[in-house]
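Please read the structure below before turning to the comments.
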Amino acid sequence: MPHALGIDIGSVAVKLALVGPEGELLGVWCRPIVGQSAETLGQIIAEVPKPPAGIAVRIGVTGSGRELVRGPVWQECELGALTRAIAVLCPGATTAIEIGGHAARFVVMEPRSNTLLEYGSNQQCAAGSGSFLEQQAGRLGLDVESFSQLAAEAPRGATVAGPMQRVCEVGHDPPPAEGDTPGGDRLRLVLGHGA
1 MPHALGIDIG SVAVKLALVG PEGELLGVWC RPIVGQSAET LGQIIAEVPK PPAGIAVRIG
61 VTGSGRELVR GPVWQECELG ALTRAIAVLC PGATTAIEIG GHAARFVVME PRSNTLLEYG
121 SNQQCAAGSG SFLEQQAGRL GLDVESFSQL AAEAPRGATV AGPMQRVCEV GHDPPPAEGD
181 TPGGDRLRLV LGHGA
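Numbering follows the working numbering, in which position 180 of the sequence shown is assigned residue number 180; successive positions increment by one, without gaps.
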């Protein structure tokens with residue numbers, strides 16, 4: 001049986017997972033993209049151990065940079081990859097939320113057939129994505145882990161003032177949120193961004 005190498009070339013990181021012939025996870029690698037996606041992909045692939053002689057490796061690739069990988073590989077769009085992953089990792093799940101570096105997606109599935117019934121995304125706006133959440137954590141002087149912990153502990157979210165459209169415009173800061181002042185309730189502010 002062959003091994004499988006899954007590659008996700010996203011907007012901010014390259015992720016790889018190596019799976020053995022019985023479906024066992026042999027390794028996971030993740031590296032932020034610094035410079036060009038192709039360079040980062042080459043660096044991270046160099047870390048993956050070579051399979052034993054005579055063992056084939058099937059390769060599947062997804063993500064916004066999937067066109068970088070050419071040849072006899074399986075290419076899958078992000079929604080297709082998400083749907084397949086849900087079916088394998090969370091059988092019976094009907095909904096999922098995926099937060100990427102520059103995109104966030106919500107999917108509704110029919111669990112018996114693993115059919116994608118409905119989906120939504122943030123489209124052109126990065127609000128609600130990983131990069132946006134990192135940016136907001138930084139505004140509050142927090143790392144992402146602390147930001148997430150505060151959001152989980154907050155009793156309710158903040159009200160964001162002004163049109164959220166400003167978040168999508170290049171070069172503009174997000175609109176001020178309730179409590180985003182000296183002495184404001186940082187817990188509610190974090191939940192407002194992290195909800």
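We put the beta carbon where it would ideally sit given N, CA and C, even for glycine.
Nearest-angstrom Cα separation, counted from residue j out to residue i
| i | j | result |
| --- | --- | --- |
| VAL14 | GLN36 | 11 Å |
| CYS30 | ILE7 | 10 Å |
| VAL170 | LEU41 | Note that VAL170 has pLDDT 43, beneath the 50 cutoff, so the model's placement of it is unreliable and the number below is only indicative. Spanning the two alpha carbons is a distance of roughly 28 Å. |
| GLU145 | ALA46 | 29 Å |
| PHE135 | GLY141 | Note that residue 135 is Gln in the sequence shown, not Phe. Their backbone Cα atoms lie some 10 Å apart in a straight line. |
| ARG84 | ALA103 | 18 Å |
| GLU39 | PRO155 | 44 Å |
| MET109 | CYS90 | 11 Å |
| GLN75 | GLU22 | 22 Å |
| GLU24 | VAL73 | 21 Å |
| PRO111 | ASP143 | 36 Å |
| ALA137 | PHE147 | 6 Å |
| LEU117 | THR95 | 10 Å |
Coil, strand or helix - residue i by DSSP
| i | result |
| --- | --- |
| GLY54 | coil |
| LEU150 | helix |
| LEU25 | strand |
| GLU47 | coil |
| GLN75 | strand |
| ARG31 | strand |
| LEU68 | helix |
| THR94 | coil |
| SER131 | helix |
| LEU89 | helix |
| GLY6 | strand |
| ARG105 | strand |
| GLY100 | coil |
| VAL19 | strand |
| SER37 | helix |
Residue from the options with nearest C-alpha to residue i
| i | options | result |
| --- | --- | --- |
| GLN58 | ARG112, SER64, LYS50 | In the sequence as displayed, the identity of residue 58 is Arg instead of Gln. For ARG58, the nearest C-alpha among the options comes from LYS50. |
| PRO52 | MET1, LEU116, PHE147, GLU118 | MET1 |
| GLU67 | GLU153, ALA137, SER11, ALA103 | SER11 |
| THR62 | VAL48, GLU78, ALA96 | GLU78 |
| GLY197 | ILE55, CYS90, VAL107, GLY71 | As shown, the chain starts at 1 and ends at 195. That puts residue 197 outside it, with no answer to give. |
| LEU133 | GLN149, TYR119, GLU118 | GLN149 |
| ILE44 | TRP74, ILE55, LEU82, LEU5 | LEU5 |
| GLY101 | SER131, ALA137, HIS3, THR115 | SER131 |
| ILE55 | VAL88, VAL69, VAL19 | VAL19 |
| PRO88 | VAL48, ALA137, ASN114 | With the sequence shown as reference, residue 88 is identified as Val, and Pro is not the correct amino acid for it. Among VAL48, ALA137, ASN114, the Cα nearest to that of VAL88 belongs to ASN114. |
| SER129 | HIS3, LEU117, GLU153, ILE97 | ILE97 |
7 Å Cβ cutoff met for residue i and residue j
| i | j | result |
| --- | --- | --- |
| ILE99 | ALA93 | no |
| ALA17 | VAL28 | yes |
| ILE9 | GLY65 | yes |
Presumed contact (8 Å Cβ cut-off) between residue i and residue j, rounded CB distance
| i | j | result |
| --- | --- | --- |
| ARG105 | SER121 | 5 Å |
beta-carbon residue i near the ligand GDP non-hydrogen atom, thresh 6 Å
| i | result |
| --- | --- |
| PRO51 | Judged by which ligands are present, the structure shown has none, so any question about the ligand GDP falls away. |
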